[in-house]
Structures are given as structure tokens and as C-alpha cells.
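The next block holds one structure in the form of C-alpha cells; read it before the comments.
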Amino acid sequence: MFRTRTQTIDTFTEFFVLRDHRLLHGSSLIPVHDGPVLFTTSGMHPLTPYLEGQPHPDGRRLTGVQRCLRTTDLDEVGDETHLTVFQMLGSWSLGDYEGPQSLRWGYELVTDGFGIEPRLLHATVFGGDNQVPPDHPSMRTWAELGVPVELTTDDNWWSNGPVGPCGPDSEMFVWTGDGPPERTPGTDDRWMELWNHVTMRYRRLDDGSMVPLPQRSVDTGMGLERLLMVTQRQSSVFGTDLFEPWMQTVPGLWQLPERRLRIVTDHLRASVAIVGDGVLPSNTGRGYVLRRLIRRVLTILWRENRTSSLLDLPDSLVDHTNLTFGLEPRVDRVREVFGDEERRFDGLLTRGRKVLAQYEPGKELSNTELSYLHETHGLPADLVRDLLESRPAG
Numbered sequence: 048m049f050r051t052r053t054q055t056i057d058t059f060t061e062f063f064v065l066r067d068h069r070l071l072h073g074s075s076l077i078p079v080h081d082g083p084v085l086f087t088t089s090g091m092h093p094l095t096p097y098l099e100g101q102p103h104p105d106g107r108r109l110t111g112v113q114r115c116l117r118t119t120d121l122d123e124v125g126d127e128t129h130l131t132v133f134q135m136l137g138s139w140s141l142g143d144y145e146g147p148q149s150l151r152w153g154y155e156l157v158t159d160g161f162g163i164e165p166r167l168l169h170a171t172v173f174g175g176d177n178q179v180p181p182d183h184p185s186m187r188t189w190a191e192l193g194v195p196v197e198l199t200t201d202d203n204w205w206s207n208g209p210v211g212p213c214g215p216d217s218e219m220f221v222w223t224g225d226g227p228p229e230r231t232p233g234t235d236d237r238w239m240e241l242w243n244h245v246t247m248r249y250r251r252l253d254d255g256s257m258v259p260l261p262q263r264s265v266d267t268g269m270g271l272e273r274l275l276m277v278t279q280r281q282s283s284v285f286g287t288d289l290f291e292p293w294m295q296t297v298p299g300l301w302q303l304p305e306r307r308l309r310i311v312t313d314h315l316r317a318s319v320a321i322v323g324d325g326v327l328p329s330n331t332g333r334g335y336v337l338r339r340l341i342r343r344v345l346t347i348l349w350r351e352n353r354t355s356s357l358l359d360l361p362d363s364l365v366d367h368t369n370l371t372f373g374l375e376p377r378v379d380r381v382r383e384v385f386g387d388e389e390r391r392f393d394g395l396l397t398r399g400r401k402v403l404a405q406y407e408p409g410k411e412l413s414n415t416e417l418s419y420l421h422e423t424h425g426l427p428a429d430l431v432r433d434l435l436e437s438r439p440a441g
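Using the working numbering, the letters of the sequence shown correspond one by one to residues 48 to 441.
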């Protein structure tokens, strides 16, 4: 049965509410707790103190939807599954039930709740290393459910950085290829990671050793867009109802090849969400991430047509994105940011074009050359690489 984005979220959260989980409201892309990351990259980030043992005011069982931003996958954006800003469906046990119960509920929701055929599922489980034994409870649980398992080490170990809470995880994969499933997630990319279940058992110390956490918790995360891709039987996340307004409008604004169209759509949505959470472009930190996304869009657009403008983007798409991520309407602010960044970038290109003309398109520059271009002419390394690969039309 086809479920819209809203129906899918409701199905997920109601499943866990019926199992005594309290529903949380998603927080900002700006982390609420100090840490090494610029943006909220997973549903657990706002819950870090509680996963480490601090009592949560809403109890030990929680569920919700969190908007997240990741820049580690920028090079993959434009394929079928990767996005810069996305929504994460999550459930958490703070010292209550453990991994096997989470896996059983996850299997029940995916198969009975969302109608995904069991034969299309595969699991991966932590196979052990020189510090931690294999995750036998997860292995036994999947065996009871009849789901095949692949054992890994690094791919099934979750950590919140070099130090801090960590533990083994078990990932649920779904087959996206034509025909019956083949091979395993580690050997065939047609297996798509759908839902990750992490058992927080340890804290890693500065010297690399680990000590048990005061409580064993479970943190799960499933990308809403990937789930919609599967349940709505689409070949990519961009084919889901969530992206329908964008994919119906953007091709009429700018004539782009499919992959570049996806990148432009993704980066503009992400930029709207970042501005909506109060970030403005700058040369450092969060502001530089926003500036980089906007300039990547302009680089793509101006390769095809130098007269393209971000101000061609209709207000309806800004409103749609704000509504999707639960943000206050800020159309005027978004248009102001886009217009100002477009003018700044145009000026930067004008100043830097003569400098870049001395290099052949596609030339790979040394770190020394990239540093010189940045420090002397204000041309960031990623921009230089993009322009040398394919300079914008004059």
C-alpha cells in the first residue's frame, strides 16, 4: 500500500508509541550539546548525555524524527540514495530493553507495518575484534527471524568520534535490484542500508581502551527518504512524493543532466534548511558549509547557462522545504541570502578567471598551488577543482 511521507512518519512513531515510547519533537540542525560536529548528523546527537547515563525527563523509551545534515557524503550526492539534509526516524532505549528486542520490533515494523517482503532483507552484524567479542545476541535474533546475516568488523561498529560512547551495531539492508536477491551487502551495492540498530555498551578513552557505560542503551536510525524509496517502489529517493514538487519544477527552470539536476535539488533544499535554522554564509564553520553548497549549485548552473540565477527558484519550493523540516517560513531571508551569495560568487569568478586561465581544464594542482590560489586570490580549493574540471560558460 502506498504511503505518503506523512503517513509513513505516523506509522513509524505510532508503532513505538504503542510500545510505551514517548514521542520527541525534532531539534535544530545546530547541535544542542557541545561536540566535535558542526551539524546534527544523526538522531542520537541531541540525546548524547542520556545515552551516556543521564536520566531523560521523558523516560527510558523514546521515538521521533530528526532532521540531519552530513557533508561526508557530498561526492555521492546525485546518486540514488545519498542526500545532504535528510530526516532520520529513530527509536531509543535508555537502559531499558536491549538489542535483540529492538531488532525484533524493527523486523515487525518493516515487514508487517511497511509491507517489505522478508525475502528482500539481509542483516549485517559485528563479528568481533581483538577488544570486543562477536555480537552473538544479534546473530541469534536474526537467525530466529529467518534473515540471512553477514559478519563484519569496522562496518558494524558505531562510535561518536575517537572518544566517547560506542558499541556494536546491526544493520538491516533491503534489496533494490531487479530479480531475486543475490550475494551479500558487503559484496553487492544493490543491497541498500535501511535501518541501523546500535547497542551502546562502552566508552572509548583517550588511550584507545574501553570501559563499560553505566547503562546499556539502544539507538536506532532509519532514513525516511530511503524508506519511502522502497515502499513507494522508486528507483531513487528523488522519485518519492517528498521530492515531487522539486522534480516537477526544477527541470523547467534549468536544463541539466540527471545527476546535476539531483545535486542542484539536494544542495538548494539543504541550503534552505540551514538558513531556516539560523545559519548565514561565512568563510568558516557552519557558514562555510552553507556557502560551499550554494557555490556548488552556481558552478553547475553557470556551466550550462551563465544567465541562470538562484532567484529563479519559486517561493513555493522554499515553503515546501521549510514545511518538510518543520521550520518557520523564511522566504525573504532565503532569497536575500541566495541573492547576496550569487553576487559575491560572481565577483569572485570575475577576479579569479584570469588566474585560472593559466591552468589546463582538469589539471590536478598540488597542495602548494591550491594554497596559493586560496591565500592570494581567495579561491577555495574545492572551487578551483570544480572550475578546472569544467569552466563556466563565458
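Ideal placement from N, C-alpha and C gives every residue a C-beta, glycine not left out. Since the structure is predicted, the reported quantities are computational estimates derived from the model, not experimental observations.
- request: Evaluate A404 with the Cβ neighbour count: other Cβ atoms within 10 Å of its Cβ, from every protein chain shown; 16 or more gives buried, anything less gives exposed.
  value: As a position in the sequence shown, residue 404 is number 357, starting the count at 1. So A404 counts as exposed.
query: For G441, does the count of other Cβ atoms within 10 angstroms reach 16, so buried, or fall short, so exposed?
result: Counted from its first residue, the sequence shown places residue 441 at position 394. Low confidence applies to G441: its pLDDT is 47, below 50, so where it sits in the model is not reliable enough to give any reading.
- request: Output yes or no for whether 9 Å exceeds the beta carbon distance between P500 and R166.
  value: The chain is shown from 48 up to 441; residue 500 falls before or after that span and cannot be answered.
Neighbour-count burial assignment, L370, 16 or more Cβ in a 10 Å radius: Sequence index remark: in the sequence shown, residue 370 carries index 323 (1-based). So L370 ends up on the exposed side.
Complete beta strand (DSSP E) runs within the segment 209-260 (minimum length 3 residues, chain order): 211-222 and 238-251
task: Apply the 10 Å Cβ neighbour rule to H244 and answer buried if 16 or more other Cβ atoms are within range, or exposed otherwise.
output: One-based indexing of the sequence shown puts residue 244 at position 197. With 16 or more other Cβ atoms within 10 Å, it is buried.
- prompt: Are V179 and M91 close, meaning C-beta to C-beta below 9 Å?
  reply: The residue labelled residue 179 in the question sits at position 132 within the sequence shown. The residue labelled residue 91 in the question sits at position 44 within the sequence shown. No, they are not a contact pair.
Run of the alpha helix (DSSP H) containing R342, from where it starts to where it stops: Counting from one through the sequence shown, the residue named residue 342 turns up at place 295. R342 -> alpha helix (DSSP H) spans G332 to E351.
- request: Would you kindly work out how many angstroms separate the C-alpha atoms of V332 and E164, rounded to a whole number?
  value: Locating residue 332 in the sequence shown gives position 285, where the first residue counts as 1. Locating residue 164 in the sequence shown gives position 117, where the first residue counts as 1. Here residue 332 turns out to be Gly, not Val, going by the sequence shown. So the two alpha carbons sit approximately 43 Å from each other.
- request: On the DSSP bridge assignment, give the partners of D266 in chain order.
  value: Position 219 of the sequence shown, counting from 1, holds the residue named residue 266. According to DSSP, D266 bridges with W139 and V245.
- request: Rounded to whole angstroms, what's the CA-CA distance from E305 to D126? Just pull it up for me.
  value: Within the sequence shown, the letter at position 258 stands for residue 305. Within the sequence shown, the letter at position 79 stands for residue 126. Approximately 10 Å, taken between the alpha carbons.
task: Tell me whether V196 sits in a helix, a strand or coil according to DSSP, three-state version.
output: In the sequence shown, the residue the question calls residue 196 occupies position 149. V196: strand per DSSP, three-state reduction.
message: Which residue wins for smallest C-alpha separation from I77, given the options I321, H129 and V384?
response: Position 30 of the sequence shown holds residue 77. For I77, the nearest C-alpha among the options comes from I321.
- prompt: Excluding sequence positions up to five away, which residues of its chain have a Cβ less than 7 Å from the Cβ of G334?
  reply: As a first step, residue 334 is located in the sequence shown; it is residue number 287 there, counting from the start. V326, L327 and P328.
Residues near P439 in its chain [Cβ-Cβ closer than 8 Å; skip 5 each side]: Numbered from its first residue, the sequence shown carries residue 439 at position 392. Legend: pLDDT at P439 = 47, less than 50; position of this residue unreliable, value from coordinates given subsequently. Closer than 8 Å at Cβ, skipping near neighbours: T346, W349, R350, R353 and L396.
query: Should the segment 237-255 be regarded as contacting the segment 147-163, the criterion being three or more beta carbon pairs within less than 8 Å?
result: yes
field: Buried or exposed (CB count within 10 angstroms, at least 16 for buried), R338
entry: One-based indexing of the sequence shown puts residue 338 at position 291. Its Cβ being crowded by 16 or more others within 10 Å, R338 is buried.
field: With 16 other Cβ atoms within 10 Å as the buried cut-off, status of A190
entry: Reading the sequence shown from its first residue, position 143 is the one you call residue 190. Label assigned to A190: exposed.
- request: Helix, strand or coil for W189, going by three-state DSSP, please let me know.
  value: Your numbering for residue 189 matches position 142 in the sequence shown. Three-state DSSP puts W189 in a helix.
task: Just the C-alpha distance for V196 and Y154, rounded to the nearest angstrom, thanks.
output: Against the sequence shown, residue 196 aligns to sequence position 149. Against the sequence shown, residue 154 aligns to sequence position 107. If I take the Cα positions, the gap works out to 14 Å.
query: Starting from G299 and walking both ways along the alpha helix (DSSP H), at which residues does that stretch end?
result: Translated into positions along the sequence shown, residue 299 becomes position 252. E291 to L300 is the extent of the alpha helix (DSSP H) around G299.
message: Alpha carbons only, please: which of H72, V265 and L308 is nearest the one belonging to G286?
response: Start at 1 with the first residue of the sequence shown, and residue 286 comes out as number 239. Nearest of H72, V265 and L308 to G286, Cα basis: L308.
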